[in-house]
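Residue numbers are given in my numbering: position 56 of the sequence shown equals residue 59, and the series is strictly consecutive.
By construction, the Cβ of each residue, glycine as well, lies at the ideal position given by its N, Cα and C atoms.
Structure record follows, encoded as structure tokens.
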Amino acid sequence: MAVAAASVLMVAGCSSSSGGKEGDKPGEKPRSAGERQAQEYRDAAKKDRAKMLEVAVAYQKADGLHDGEAACRLMTEAGRHGSDASLESCVKFYMPLKPDARESEEKSSYSVTGDPVEVPPIGDHQAGTGVMVTRQYLLEGRTKYYRTALRMVKVRGAWLVDQEEEIYDSEMKHSSPVFSALMRSH
Numbered sequence: 004m005a006v007a008a009a010s011v012l013m014v015a016g017c018s019s020s021s022g023g024k025e026g027d028k029p030g031e032k033p034r035s036a037g038e039r040q041a042q043e044y045r046d047a048a049k050k051d052r053a054k055m056l057e058v059a060v061a062y063q064k065a066d067g068l069h070d071g072e073a074a075c076r077l078m079t080e081a082g083r084h085g086s087d088a089s090l091e092s093c094v095k096f097y098m099p100l101k102p103d104a105r106e107s108e109e110k111s112s113y114s115v116t117g118d119p120v121e122v123p124p125i126g127d128h129q130a131g132t133g134v135m136v137t138r139q140y141l142l143e144g145r146t147k148y149y150r151t152a153l154r155m156v157k158v159r160g161a162w163l164v165d166q167e168e169e170i171y172d173s174e175m176k177h178s179s180p181v182f183s184a185l186m187r188s189h
């Protein structure tokens, strides 16, 4: 009897302990190592893209609030404002907002609009990924929108802003307003 019970337990305990990750759900085929690796790559790419978009929005908020310390740390040396590419010069470039302007800016909301686009190098700016960040705010009781194109580049594993351009209303008619704004000649 003990042998029979042990046999039943052994047979019942033969299911995979992968928790459904290896295709052990009913009707699901086991995934190959290549398929798992491809999925891991896609997951990593999604996380990387999310981080890039997070940095773009954080930069735009800091820039709008004239928080030079935060904004300048999210920029490449080539992208920094000020008399030179130093962090100190960039921070000094940002003038503090007046209290009423700061209060208005704090009520603004920021979001990424559209899909990121690849942009080639131009002038002092390296190739990167263009992103549109839209600021929504109230002015005299009316909702307004301000769109900015940001050139995002990866420097030593971190996403940074390398270029910032206003997106003109006329560029919104282009197939890629972000590309158009970031490729304007200066």
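### Query
Closest to A162 by CA distance: which of V60, S35 and Q40 is it?
The residue you asked about is not Ala; residue 162 is Trp in the sequence shown. Nearest C-alpha to W162: V60.
### Task
Kindly indicate which residue of R154, D172 and E109 has the alpha-carbon position closest to the one of L141.
E109
### Query
How many Å lie between M98 and H69 at the Cα?
6 Å
#### Entry: Inter-residue Cα distance where the pair is Y171 and G126
20 Å
#### Entry: CA-to-CA distance, V120 to D46, given in whole angstroms
19 Å
### Message
Using CA atoms only, rank isn't needed, just tell me which of L100, G160, A88 and Q63 is closest to E168.
### Response
Q63
### Message
Using only the alpha-carbon positions, how far apart do M4 and S35 sit?
### Response
Any reading at M4 needs caution, since the residue's pLDDT is 46, under 50, leaving its predicted position unreliable; the model's value is listed next. When rounded, the distance between both Cα atoms is 40 Å.
#### Entry: Q129 vs V156 beta-carbon contact at 9 Å
yes
### Nearest to E193 (by Cα), restricted to the options K32, V115, S92 and G85
The requested residue 193 does not occur in the structure, where the chain is confined to residues 4 to 189.
### Query
Between the C-alpha atoms of G82 and Y148, what's the straight-line distance to the nearest angstrom?
24 Å
### Task
Would you kindly check if the distance between the Cβ of V134 and the Cβ of M55 is under 9 Å?
yes
### Query
What did DSSP end up calling E25 once you bin it into helix, strand or coil?
Model confidence at E25 stands at a pLDDT of 49, short of 50, so the residue's coordinates are unreliable and nothing is read from them.
### Query
Three-state secondary structure (DSSP) at P180?
helix
### Query
Cβ of R138 within 9 Å of Cβ of G67?
yes
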